[in-house]
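Participant:
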Amino acid sequence: MIKFLQGNEACVEGALMAGMRFYSGYPITPSTEIAELSAERLPKVGGKFIQMEDEISGIAAAIGASLTGKKAMTATSGPGFSLKQENIGYAALAEVPLVIVNVQRGGPSTGLPTSPGQGDVMQARWGTHGDHPIICLTPDSVTETFYLTIRAFNLAEKYRVPVILLTDEITGHMREKIDIPDPSEIEIYNRKRPETGDVYHPYGVEPGEIVPRMADFGSGFRYHVTGLMHDETGFPSNSTENARKLMDRLMAKTVTYRDDIIDYEALYTEDADWLILAYGGMSRSARAAVKVLRQKGHSVGLFRPISLWPFPEEALSALAGKVKGILVTELNYGQIKLEVERIACGRCPVEFLGRGNGEVITPEMLIETFEEVAK
Amino acid sequence: MIKFLQGNEACVEGALMAGMRFYSGYPITPSTEIAELSAERLPKVGGKFIQMEDEISGIAAAIGASLTGKKAMTATSGPGFSLKQENIGYAALAEVPLVIVNVQRGGPSTGLPTSPGQGDVMQARWGTHGDHPIICLTPDSVTETFYLTIRAFNLAEKYRVPVILLTDEITGHMREKIDIPDPSEIEIYNRKRPETGDVYHPYGVEPGEIVPRMADFGSGFRYHVTGLMHDETGFPSNSTENARKLMDRLMAKTVTYRDDIIDYEALYTEDADWLILAYGGMSRSARAAVKVLRQKGHSVGLFRPISLWPFPEEALSALAGKVKGILVTELNYGQIKLEVERIACGRCPVEFLGRGNGEVITPEMLIETFEEVAK
Amino acid sequence: MTDKKENLTIHINQEWCKGCGICVAFCPKKVLAIGENGKSTMIDPDNCIKCGMCQMRCPDFAIFLGGSDS
Amino acid sequence: MTDKKENLTIHINQEWCKGCGICVAFCPKKVLAIGENGKSTMIDPDNCIKCGMCQMRCPDFAIFLGGSDS
Amino acid sequence: MQLELRLSGSGGQGLITAGIILAEAALADGKNAVQTQSYGPEARGGASKAEVIISDEIIDFPKVTRPNLILALTQDAAAKYVDASNSDAMVIVDESVELSPETGLKKLFRVPIIDTARHEIGREIVANIVALGLIVGLTQIVSQENLEATVIKRLPRGTEDLNRMALQAGYDLAKQI
Amino acid sequence: MQLELRLSGSGGQGLITAGIILAEAALADGKNAVQTQSYGPEARGGASKAEVIISDEIIDFPKVTRPNLILALTQDAAAKYVDASNSDAMVIVDESVELSPETGLKKLFRVPIIDTARHEIGREIVANIVALGLIVGLTQIVSQENLEATVIKRLPRGTEDLNRMALQAGYDLAKQI
Amino acid sequence: MNHPLAESYFRMDKLPHIWCPGCSHGIIMASIARAIDRLGLDKDNVCIVSGIGCSSRAPGYMDFNTLHTTHGRALAFATGVKLANPKLEVIVISGDGDLSAIGGNHLIHAARRNIGLTTICFNNNIYGMTGGQYSPTTPTGDKATTAPYGNIDKPFDITKLAIGAGATYAAKVTAFHVTQMDKYIESAIAHKGFSLVEAIAVCPTYYGRKNRKGSAVEMMTWLKDHYIDFKVAEKLPPEKREGKELMGEFINVDAPEYTALYDALIDRLKD
Amino acid sequence: MNHPLAESYFRMDKLPHIWCPGCSHGIIMASIARAIDRLGLDKDNVCIVSGIGCSSRAPGYMDFNTLHTTHGRALAFATGVKLANPKLEVIVISGDGDLSAIGGNHLIHAARRNIGLTTICFNNNIYGMTGGQYSPTTPTGDKATTAPYGNIDKPFDITKLAIGAGATYAAKVTAFHVTQMDKYIESAIAHKGFSLVEAIAVCPTYYGRKNRKGSAVEMMTWLKDHYIDFKVAEKLPPEKREGKELMGEFINVDAPEYTALYDALIDRLKD
Ligand SMILES: Cc1ncc(C[n+]2csc(CCOP(=O)(O)OP(=O)(O)O)c2C)c(N)n1
Ligand SMILES: Cc1ncc(C[n+]2csc(CCOP(=O)(O)OP(=O)(O)O)c2C)c(N)n1
Ligand code: SF4
Ligand code: SF4
Ligand code: SF4
Ligand code: SF4
Ligand code: SF4
Ligand code: SF4
Ligand SMILES: [Mg+2]
Ligand SMILES: [Mg+2]
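Chains as they are written, first to last, in my numbering: chain A, 1 to 375; chain B, 376 to 750; chain C, 751 to 820; chain D, 821 to 890; chain E, 891 to 1067; chain F, 1068 to 1244; chain G, 1245 to 1515; chain H, 1516 to 1786.
Encoded structure:
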């Protein structure tokens, strides 16, 4: 069905199609439409919406709901994302599937609440204390917001991790055409649950499976969930040996299954001798610039990470070995640029064009910079 | 005066000598002794201690106190550090001098509250949303905890940034000999204040100065402080041009003055063909291992970042061009390792030995790994 | 702010007035009205008892009792 | 938990008892004492009226009324 | 062919709705369209704008950088959003708006949009729809058919006639230019 | 020369204080010392330990890995902290502690430390000080002079005599071995 | 000539403010300045602290030491300001969302401690700044963008909440009742411990529009007709009290103030 | 044979618990199980949620669906559990620090919403887990590791706070008064909306030791001698009320429960 929607609206459409039945959050610009539309739609499908007293309880309630078997989501922007960090770590350690949307705005602190930014990219990876696995996806269009929201739920359920959908004010607020598919065309992944009668080790992985099976609270498996290090039975354990087993297993999720998780777009990269690397809302500029530059005779390609974390390291690394340089462009002071430098590993120069002042980088600005650095 | 103190106690001694007159926080293992000793000592010197209702208000009150001209500190560990993130960004944007101590413990979430860890290193840099300047120092002994706490206050005052003193359960809780110097031997930096009668631009930098002068609330300069993007007068401004000026100035602090801020120790590195890189509590192991390895005939050196952020990039880069390899060891799953890989830039292999399970890496484990990777 | 009541007159700052009509509605003497330009205006100045309620309830500092401008 | 009162006797789990003395102090019939090993013990079993207060106040599930063990 | 439009006015004038309608009508015409907006705390009473790009191709960069058409219904909006850098742009302002003669704008029209809404249709609130009629009447960027269908679809039931009248009034204003 | 000591017992027995006193006495002797401890929520009532390293050199790695001397005042502590991997270590346990004969420990001493504190000094709370006397009597790792001075300095005023007596009782126990 | 109050206590170059026509926030802000004026406070010794919200924009206009903090945290920042420098008269301006949703914990703890802060809550029963979501004071059944079918939450009585937490001064008043508002705010600032004035405000743009409450004037009229002093209410027959909302000075008791106690501790340790 | 209550409702392999000798936490935990037993609840439909603290370790021992969350957030997690699956009987166990310091906001909001959660506060007037810092319920003047000169804070009355926030059931009782505790906890669980039982507990290890309150037995005796039911107190002459602390069922009223209202909304939208 063809619709003309905002990115934030498409996110809710995707979430509902993925099976979201619980939303808890706290309003904040520019993410609020996600809450508003969830409030309207969820009760109609028997789901629940609750506006909590703050962002901390927004994510906490979503985790609680997820433990009862409901697919849960919360959405926010920078300041609220900072507040959710402690419980993101909880969800990662306790392996509670959850989708957290961050519609990025400008600046640190209250900053520029109504302007776009991409300053939370590293925070999405490192914002909570301690090592933890994270999946972070970033869409560049209304349509992709829809599909990545579904993917975020699927990955959360499959790997029992919190998945961050990192959008920005550009994609969140712009309206575009979107063709909403029939639910039958969409693949939905649901967490594996233990069978009645199973001996249930809530944190033990069955042979051949990826993560522990997850029982719904209330379904007859009485088990314990904690943010302390725990053993396979779920109970706290101070043994460093147990802690190592648990942490190794958690941290392996995004490494062992990276091929299943990683996603990126490579446009005109086969013959490219320069790359422009951009993601999320900024790739709209980059794509336009690449097209113009191609017309102008530059053999330039666009590399667009869709999963930011885990980062498409192998794919970029392969290209970095071939090209003359990479121009990274993002709406911050150089965050993914650091990762690109690490991956390029000295094999090609990494150039940078960034803004952290709420301004959007136009294709013209990008073309100009490209022509300077790539000459 | 010779004393036998815990790292946490040395931190308070250092803070008092640096001029701390306000402490607000919330107890959490393994940082609590810092609060407890502050509670005992501050009122004796006319300072104030307050236990707030949570970590968010702990940092908020400290920022408020700093605005009245008092040197303020708050201390915490992982979960509390996550909660403080939003207001760390506020302090960075509003340029409020402040020292935040994080005595790191094991694991994400509640994890292993009484075990050591170094899992918050990247969080210290990236934990709050949006681009922002951060200084982060990490001591490896009780004595260094004392001196770095003083340095943290001095840098906070000088550059008007939040400074994070990142210690860990090892250095925080161990007791060692410390020779507390006479206050006259210590250099103390106090924020520059405007002179009475000056036309005061609270966010404008005087020619030849580093940061804007800072008036104490109540001293006759009535000005406005906000977490919104603002112009030189301190009032909110939506102009991207103003935002750019402000953000460029803030972000330059740790770049322009990096030589003044950066600190590291290089032990036996002149002739080394391998480096072991360690920091904080872990460098105790590394130092012991390097000594043994030297005795065993390996020409290995220790590189120890003392300022983690900004990272001693130039110094390490120079060494990376000379050595055969770098073995990074840290109590996490590889955080500073990423930075080292970026800096080494393919010029030498970067090997890694980490633990994220509350276990300490012993010199023996490190020696064994070194002999494996460096053969 | 020490002028005597009798010397005071109503001033309306047309730049700041947002035309909300609060002063108009709650003036006990019906002195005010919203004019053609959507701003508050005096329609019956003589009736004004200088009670100051318009000033106290104006959200925009747009109406106040003050001395004459000269 | 459905046994008749008369069939019940006091059981003390020596492994779990932490010797806090609460059961001793508040037993209305002075049936209990802290023994040599620092744990609760019955010194006057016949006096026990099986009121269950020791069980209700024991923080450690260490003392309770139950059937005989056989 | 790509057309960039900027519709501006004050917070309550419904220009975002107008932008969406224009974009949806373009979709119905088989074109592509993207709509964006800018707002701020100043939108409380201050100037607001909606921007639309309509194109036969895929639209990569969604923000308007060189508007081909600018509408400004208030003085504030005109001050903020009439960008004279592209002197070829068509600029339509309400007749209540004064623009300095030095703008150098080649295609500047002052049209009694609000007055038409207020007095001809009797409801100032439909000024945005009058403006849509005017714009489409002048430029044909979307078909009148799809414009009308979208207006009817997007706006509350019961207002169909009012909106049709408003559209027509806009077309009529266009004809007078 | 580097000596690694582990002092263990139950939460309230003051072993951390004992460790600190030992380390400070070593400092007074002109040596280096580091003291660490391990604790957990189990410390509520359970076993606790303090560790001390005393050395003539700078002490890099602060944690005890191969203790040269282990003290255990309770059965729980012995079970948890008597590490038989270094069979050359001196192991001192209270006489109330039973150790399986298969530990292979070469220097194992069962000494009535708590009993001495309780009955000879009359205050079980000084068992830690008795143990210090015992350890120093057996090993001379610190001078008795500085040990006494540190005990007096670190412990509350008014308890000097009690603590001197406890130390002496420890020395006496050492002599009997 | 200029508005005398504005000229004395406001940053004229920042006016007119961003608030919508008819928004009460301007009325309450002016009342605070009048109270300060009547108390004759030195502007240099007054500090105004706010969180984030439409209401929280007030400090930017007020010519004192002004601090616009993070959402919900005004009282926590203010606690630091006040304890660090007790000679400052610290006044906190906070919206119903800022103060009682995300900031609820700081409210109850500041009240408990009886720290000498004066809090003025601009309670418009809605999140204005973010466009009309329900707040903890939105009446049950009312609509908001996140309560499209009517709010099922029970609202807080913020004044009662503060009293339950230990506040020693608490009053409620409306934006219509400006004379009483002036009086309560003045008493609240003069009060030695923690004080709260809950000022019932109108947001015609969001709360009003969503709930068909009419214009700002109609909403103000509603306040006028429905709020009565609780002391007056006590004397009314039940049928006349029906449908009335209560306002007034609900508590005003003396108790040791927190920063004074701390200063006493410092003095004690000096001896 | 085994302790029958333990065997039926606790995870025997996790006992004995880590709490200190004489700590009340075990007494209160057992009382919760007895209440559940008397109400005949299905263990599979009971969910126990806690934060972090000594008290918050309780769920680990209890054989239900158990959730040990982050410090202070138990009620927020529990709100999600309950709203997502209203058929679960959700009981929150929370220390005075967990519930009223860092978690204070969630307490007042859960009370306001009247969501069907039962909260049992294990109030030992101290932070036990972290070693004896003062909590929001530490009496003024008492000592704690962070109040070496005596606490200058005024304490919360948690029950009163919850009532101020809108709680529809709130009772206070002590660890000594086990019979009343059983009764109140049972009523609280049976209550349809939000309910709170504040159980005054003793922490001999930290609070007791710091304040020379003697052994666990002496502390329990103090509770016995000082707490009386407020209804009894009302009938006492003033001199006999002197120095007494009040306990009892302070509020118990009916009001629509939150998740039931939400389910009604879902039903309404079906038509
Ligand atoms: C941490 C955080 N969460 C959310 C927001 C978004 N936000 C800004 S103001 C506000 C609510 C404002 O409501 P209120 O405090 O009642 O003030 P009003 O605008 O109604 O005057 C919200 C949710 C934010 N800025 N920061
Ligand atoms: C975010 C966070 N802050 C602080 C802590 C440290 N902490 C753990 S429990 C606790 C207080 C416990 O006190 P209370 O809730 O009264 O429980 P009790 O131990 O007294 O039963 C604190 C401060 C933490 N785990 N997480
Ligand atoms: S001063 Fe009083 S009477 Fe005069 S215009 Fe104002 S409100 Fe009316
Ligand atoms: S109250 Fe003020 S803003 Fe409103 S109409 Fe009157 S003068 Fe204008
Ligand atoms: S049942 Fe009653 S009488 Fe018997 S031992 Fe226990 S408390 Fe004493
Ligand atoms: S109350 Fe329980 S733990 Fe305490 S002494 Fe009695 S049986 Fe032992
Ligand atoms: S949105 Fe509401 S609260 Fe905000 S300025 Fe407008 S009327 Fe006032
Ligand atoms: S420290 Fe206190 S609260 Fe914690 S287990 Fe021990 S007695 Fe109980
Ligand atoms: Mg509001
Ligand atoms: Mg407690």
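By construction, the Cβ of each residue, glycine as well, lies at the ideal position given by its N, Cα and C atoms.
Spell out the partners DSSP gives residue 1365 (chain G) in its beta bridges.
Facilitator: Your numbering for residue 1365 (chain G) matches position 121 in the seventh sequence. Residue 1365 (chain G) pairs with G:1338, G:1442.
Participant: Helix, strand or coil for residue 1645 (chain H)? Go by DSSP, reduced to three states.
Facilitator: Residue 1645 (chain H) sits at position 130 when you count from the first residue of the eighth sequence. Reduced to three states, the DSSP call for residue 1645 (chain H) is coil.
Participant: Pick out whichever of F:1227, F:1229, F:1201 has its Cα sitting closest to the Cα of residue 1139 (chain F).
Facilitator: Sequence index remark: in the sixth sequence, residue 1139 (chain F) carries index 72 (1-based). It is F:1201 whose Cα lies nearest to the Cα of residue 1139 (chain F).
Participant: Look at the alpha carbon of residue 1253 (chain G) and the alpha carbon of residue 477 (chain B), and state the distance between them as a whole number of angstroms.
Facilitator: Position 9 of the seventh sequence holds residue 1253 (chain G). Position 102 of the second sequence holds residue 477 (chain B). If I take the Cα positions, the gap works out to 42 Å.
Participant: When every heavy atom of ligand 2 is checked, does at least one fall within less than 8 Å of the C-beta of residue 873 (chain D)?
Facilitator: For the purposes of this step, residue 873 (chain D) is taken as residue 53 along the fourth sequence, with counting starting at 1. Outside the cutoff, so no.
Participant: Please identify, using Cβ separations under 7 Å, the residues of the segment 1559-1570 of chain H that lie next to chain D, in order along the chain.
Facilitator: Hits within the stretch: zero.
Participant: Under 7 Å, CB to CB, which of the residues in the segment 107-122 of chain A have a partner in chain B?
Facilitator: Taking 7 Å as the Cβ-Cβ cut-off against chain B, the residues of the segment 107-122 of chain A that qualify are 107, 108, 109, 110, 111, 112, 117, 119, 120, 122.
Participant: Have a look at residue 194 (chain A) and residue 260 (chain A) and give me their C-alpha separation to the nearest angstrom.
Facilitator: Looking up residue 194 (chain A) in the first sequence gives position 194. Looking up residue 260 (chain A) in the first sequence gives position 260. Distance between the alpha carbons of residue 194 (chain A) and residue 260 (chain A): 24 Å.
Participant: Residues of chain E with a CB under 9 Å from the CB of residue 291 (chain A): which are they?
Facilitator: Your numbering for residue 291 (chain A) matches position 291 in the first sequence. Those are 950, listed as they occur along chain E.
Participant: Counting only Cβ pairs nearer than 7 Å, list the residues of chain A close to residue 615 (chain B).
Facilitator: Counting from 1 along the second sequence, the entry for residue 615 (chain B) is found at position 240. Simply 357, 358, 359.
Participant: Decide yes or no for the touch test of the segment 1089-1105 of chain F against the segment 1030-1038 of chain E: beta carbon pairs closer than 8 Å, at least 3 of them.
Facilitator: Flag = no, the segment 1089-1105 of chain F and the segment 1030-1038 of chain E do not touch.
Participant: Under a three-way DSSP split, which group does residue 1237 (chain F) fall into?
Facilitator: Here residue 1237 (chain F) is taken as the residue at index 170 of the sixth sequence, counted from 1. In this structure, residue 1237 (chain F) counts as helix in the three-state DSSP scheme.
Participant: Answer yes if the segment 684-702 of chain B comes into contact with the segment 495-511 of chain B, meaning at least three C-beta pairs across the two stretches below 8 Å, and no otherwise.
Facilitator: Because the criterion of three Cβ pairs below 8 Å is met, the segment 495-511 of chain B and the segment 684-702 of chain B touch.
Participant: Taking 9 Å as the threshold (beta carbon to beta carbon), is residue 37 (chain A) in contact with chain H?
Facilitator: Here residue 37 (chain A) is taken as the residue at index 37 of the first sequence, counted from 1. Taking Cβ atoms only, chain H never reaches closer than 9 Å to residue 37 (chain A), which makes this a no.
Participant: For ligand 2, is there any heavy atom lying closer than 8 Å to the beta carbon of residue 694 (chain B)?
Facilitator: Stepping through the second sequence from its first residue, residue 694 (chain B) is reached at position 319. Not under cutoff, so the answer is no.
Participant: Does residue 188 (chain A) get closer than 9 Å to chain E when you measure Cβ to Cβ?
Facilitator: Position 188 of the first sequence, counted from the start, is the residue given in the question as residue 188 (chain A). It does not: the Cβ of residue 188 (chain A) has no partner Cβ on chain E nearer than 9 Å.
Participant: Taking a contact to mean a Cβ-Cβ separation below 9 Å, would you say residue 217 (chain A) touches residue 67 (chain A) in this structure?
Facilitator: Numbered from 1 along the first sequence, position 217 holds the residue referred to as residue 217 (chain A). Numbered from 1 along the first sequence, position 67 holds the residue referred to as residue 67 (chain A). Going by C-beta atoms, residue 217 (chain A) is nearer than 9 Å to residue 67 (chain A).
Participant: What residues match up with residue 309 (chain A) in a beta bridge as DSSP calls it?
Facilitator: Within the first sequence, numbered from 1, the residue matching residue 309 (chain A) stands at position 309. In the DSSP output, where bridge partners are listed per residue, residue 309 (chain A) has A:136.
Participant: Excluding sequence positions up to five away, which residues of its chain have a Cβ less than 6 Å from the Cβ of residue 28 (chain A)?
Facilitator: As a working note, residue 28 (chain A) is residue 28 in the first sequence. Same-chain partners within the cutoff: 76, 77, 80.
Participant: Measuring only from the beta carbon, is residue 774 (chain C) closer than 8 Å to any heavy atom that is part of ligand 4?
Facilitator: One-based indexing of the third sequence puts residue 774 (chain C) at position 24. Yes; taking the cut-off as 8 Å, the Cβ of residue 774 (chain C) has a heavy atom of ligand 4 nearer than that.
Participant: Are the C-beta of residue 429 (chain B) and some C-beta of chain H separated by less than 9 Å?
Facilitator: Translated into positions along the second sequence, residue 429 (chain B) becomes position 54. At least one chain H Cβ lies under 9 Å of residue 429 (chain B).
Participant: Does the distance between the C-beta of residue 792 (chain C) and the nearest non-hydrogen atom of ligand 3 fall short of 8 Å?
Facilitator: Residue mapping note: residue 792 (chain C) aligns to position 42 of the third sequence, counting from 1. Yes, Cβ of residue 792 (chain C) sits closer than 8 Å to a heavy atom of ligand 3.
Participant: Would you grab the beta carbon distance between residue 1310 (chain G) and residue 1321 (chain G) for me? Rounded to a whole angstrom, and I think it's under 8 Å.
Facilitator: What you label residue 1310 (chain G) is simply residue 66 of the seventh sequence in a count that begins at 1. What you label residue 1321 (chain G) is simply residue 77 of the seventh sequence in a count that begins at 1. At roughly 12 Å, the Cβ-Cβ gap does not stay under 8 Å, so residue 1310 (chain G) and residue 1321 (chain G) are not in contact.
Participant: Spell out the partners DSSP gives residue 1190 (chain F) in its beta bridges.
Facilitator: Locating residue 1190 (chain F) in the sixth sequence gives position 123, counting from the first residue. Note: residue 1190 (chain F) sits in no beta bridge, so no partner.
Participant: Please list, in chain order, the chain F residues whose beta carbon lies closer than 9 Å to that of residue 545 (chain B).
Facilitator: Position 170 of the second sequence, counting from 1, holds the residue named residue 545 (chain B). Within 9 Å Cβ-Cβ: 1103, 1129, 1130.
Participant: Closer than 7 Å, Cβ to Cβ, to anything on chain G: give me those residues from the segment 1606-1631 of chain H, in chain order.
Facilitator: So the close ones are 1619, 1620, 1623, 1624, 1627, 1628, 1629.
Participant: In chain B, which residues lie less than 7 Å from residue 131 (chain A) when you measure between Cβ atoms?
Facilitator: Working through the first sequence from its first residue, we reach residue 131 (chain A) at position 131. 483, 494, 707, 708, 731, listed in chain order.
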